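Chains as they are written, first to last, in this note's numbering: chain C, 475 to 879; chain V, 567 to 696.
Note that the Cβ used here is the ideal one computed from N, Cα and C, for glycine as well.
Please read all numbers here as calculations on a predicted model, not as lab measurements.
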């Protein structure tokens, strides 16, 4: 059995056969996972300097020279890197006196509270065995993490949940649109207006306290509060919709989680975007006591002002590892980023590699290379290569960069 | 809704877009899954926008042409768009009070377009050249 690194569930029951560097047959992959496996032979990155293809060693040398000559470099990404590469990437940031940031990961604030032990969490296996109520808040795992509901949170039988979703589990979805997950939840879907999440939480807190909530359908909110109060084991899965709901101010969410835990155990597991986003958060937290962005310019400091959004003008070189910030950041920031000399290390061609001065291709973790990673719930897994590849691992590239800077 | 009134655009990720992204962002299939805007029927009618036709979306950050789709459920004043390089072209660069970029929603003007849907190559060139 192999792992799938197509998302942060890191499914561990994959069977695959390969032929001529392509996927021949697979078992147990979801649609997204199959596409991830098929991408082995699609749009792979090639080594280049200034837009011209070169040998891999030349690209690494040019990358090292670019970073070594910079006074204020920025490191971006690392969510699609192994734990080993992430840890060495943090050492590289320290050595360069630079900032490390993953601006497209939106749940850093929630992860930081979880890692500090201020917000209760649990594993997906706990959810499968014990959870009778799952809340998906601004989260649509049926699209982003397609086997979430079938392996862990809604459909499966578990140790204390032998009747599965038919009788033993309840799905609550709080979202601005009727997503595929909301469709599965059916009557458990609560639609909020964009930015209306805090007001919904306030109404729910009132209902939990036995007060009349200030919402249109008071009876439905009171019924929800009763359901949550009576839950035996609750799980809350957070998505980008929640993280972005109030411009990053999530005090209302933490208050609600604390209140729910006065009645019964409610654990929070963020649905993280890349296969090892959790690993990056953990690795940064172990070193800095905070998640990204973290600055090593003058000691260790963290906070949004140090990252790509605050200091972009002052960086004179960028190293992007396994990410596509040019495609995901707001266009004004993407344009600024594209004007800075950039090294892009990754598996596939994208808008960031197209804008980079130097591109360095790497092997796909879990398919062409081994290493370790943390699932969204913090469980560590050890990945193994399934096919041979001439491409170096991201760890090997960071090791080479460490030698030349 | 008035023709000139801005729509609140909320972004999301869909499974088919996730699949096409994994298979390569330079494909026609990825563009077809990403460069779309789901409008409320009355909002589309008020702006003379027809399903399947190209529409121009503009914000202070940029403009792109995407394909219009009409939602089955009503959501007047709000439109939904897959999170992608097309939506990123329109996102504001200002951070909110919590210090985070707002990558989830923005206000945009929408009108019928006389040109084809913007390609990802055009988006890449605009970022690199301007």
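Whole-angstrom C-beta distance between residue 797/C and residue 551/C, which should lie under 8 angstroms: Between residue 797/C and residue 551/C the Cβ distance is about 3 angstroms, and since that is below 8 angstroms, they are a contact.
Output, in sequence order along the chain, the residues in the segment 736 to 768 of chain C whose CB is closer than 7 angstroms to any CB in chain V. So the list is empty, because no residue satisfies the distance condition.
So, is residue 813/C buried or exposed, given that buried needs 16 or more other C-beta atoms within 10 angstroms? Exposed, by the Cβ-count rule.
Nearest to residue 775/C by CA position, among 692/C, 787/C, 674/C and 762/C, is which residue? The residue with the shortest Cα to Cα distance from residue 775/C is 762/C.
Spatial distance of residue 740/C from residue 702/C (CA atoms): So the alpha carbons of these two residues sit roughly 9 angstroms apart.
Compute the Euclidean distance between the alpha carbons of residue 523/C and residue 831/C, then round it to the nearest angstrom. If I take the Cα positions, the gap works out to 6 angstroms.
The alpha helix (DSSP H) enclosing residue 604/C, as first and last residue numbers: Here the alpha helix (DSSP H) through residue 604/C covers 598 to 604.
With distance defined between alpha-carbon atoms, name the residue in 481/C, 476/C, 477/C and 475/C nearest to residue 752/C. With distances taken between Cα atoms, residue 752/C lies closest to 481/C.
Using only the alpha-carbon positions, how far apart do residue 577/C and residue 610/C sit? Between residue 577/C and residue 610/C, the C-alpha separation is close to 23 angstroms.
Taking just the CA atoms, how far does residue 626/V sit from residue 696/V? Looking at the two C-alpha atoms, the distance is approximately 15 angstroms.
Does the CB of residue 675/V have a neighbour CB from chain C at under 7 angstroms? Not one chain C Cβ lies under 7 angstroms of residue 675/V.
For residue 475/C, is the classification buried or exposed, using 16 other Cβ atoms within 10 angstroms of its Cβ as the cut-off for buried? Exposed: under 16 other Cβ atoms inside 10 Å.
If you follow the beta strand (DSSP E) that residue 491/C is part of, which residue opens it and which one closes it? Taken as a continuous stretch (DSSP letters only), the beta strand (DSSP E) holding residue 491/C covers 489 to 493.
Compare the C-beta of residue 567/V with all C-beta atoms of chain C and state if any pair is closer than 7 angstroms. Any answer about residue 567/V is weak, because its pLDDT of 49 lies below 50 and its placement is not dependable; what the coordinates show is given next. Not an interface residue.
Closest Cα partner of residue 677/C within the set 667/C, 684/C and 688/C: The shortest CA-to-CA distance from residue 677/C to any of 667/C, 684/C and 688/C is the one to 688/C.
Give the single residue among 817/C, 721/C and 742/C whose Cα lies nearest to the Cα of residue 444/C. One cannot answer for residue 444/C here, as it falls past the ends of chain C, which runs 475 to 879.
Let's test the definition: count the other Cβ atoms within 10 Å of the Cβ of residue 804/C and tell me whether it reaches 16, buried, or not, exposed. A buried status is given to residue 804/C, since no fewer than 16 other beta-carbon atoms sit within 10 Å of its beta-carbon.
Listing by chain order, which chain C residues have their CB less than 7 angstroms from the CB of residue 623/V? Per Cβ cutoff of 7 angstroms: no residues; residue 623/V is ~12 angstroms from chain C at best.
Straight-line Cα distance separating residue 559/C from residue 821/C: Take the alpha-carbon of residue 821/C and the one of residue 559/C: they are about 14 angstroms apart.
Strictly below 7 angstroms CB to CB, what residues from chain C border residue 670/V? From the beta-carbon of residue 670/V, the residues of chain C found nearer than 7 angstroms are 714, 715 and 718.
Quick one: measure Cβ to Cβ for residue 622/V and residue 783/C, integer angstroms, because I've assumed they're closer than 8 angstroms. In this structure residue 622/V is not in contact with residue 783/C, their Cβ atoms being roughly 28 angstroms apart against a cut-off of 8 angstroms.
Check whether residue 671/C and residue 709/C have beta carbons under 7 angstroms apart: Contact flag unset, no.
Does any residue of chain V have a CB that is nearer than 7 angstroms to the CB of residue 575/C? When Cβ-Cβ separations below 7 angstroms define contact, residue 575/C makes no contact with chain V.
At the 7 angstroms Cβ level, is residue 800/C part of the contact set with chain V, yes or no? With 7 angstroms as the cut-off, residue 800/C counts as an interface residue toward chain V.
What does a CB cutoff of less than 6 angstroms around residue 504/C pick up in its chain, not counting 5 residues either side in sequence? Around residue 504/C: 620 and 621.
Residue 509/C versus chain V: which residues are under 7 angstroms apart at the beta carbon? Here the neighbours are 585, 588 and 589.
What's the gap between the Cα of residue 669/V and the Cα of residue 838/C? Our two residues, residue 669/V and residue 838/C, have alpha carbons roughly 27 angstroms apart in a direct line.
Helix or strand or just coil, what does DSSP make of residue 485/C? Coil.
Residue 506/C and residue 585/V closer than 7 angstroms at C-beta: Yes, Cβ-Cβ distance for residue 506/C and residue 585/V is below 7 angstroms.
Residue 823/C, DSSP secondary structure in three states: DSSP places residue 823/C in coil when its eight states are reduced to three.
So with CB distances below 7 angstroms, who are the chain C contacts of residue 658/V? By Cβ distance, chain C contributes 804.
Reference residue 660/V, options 876/C, 655/C, 706/C and 808/C, closest by Cα: Ranking the options by Cα distance to residue 660/V, first place goes to 808/C.
Shorter than 7 angstroms from the beta carbon of residue 554/C to some beta carbon of chain V? No - not a single Cβ of chain V is within 7 angstroms of the one on residue 554/C.
Can you list the residues of chain C that residue 640/V reaches, using a CB-CB cut of under 9 angstroms? By Cβ distance, chain C contributes nothing, its closest Cβ being about 11 angstroms from residue 640/V, past 9 angstroms.
Beta-carbon separation (whole angstroms), residue 575/V vs residue 671/V, contact threshold 8 angstroms: About 6 angstroms separates the beta carbons of residue 575/V and residue 671/V, which is inside the 8 angstroms limit, making them a contact pair.
Under 8 angstroms: do the segment 611 to 618 of chain C and the segment 643 to 650 of chain C share three or more Cβ pairs, one atom per stretch? Taking a contact to require three or more Cβ pairs closer than 8 angstroms, the segment 611 to 618 of chain C and the segment 643 to 650 of chain C qualify as touching.
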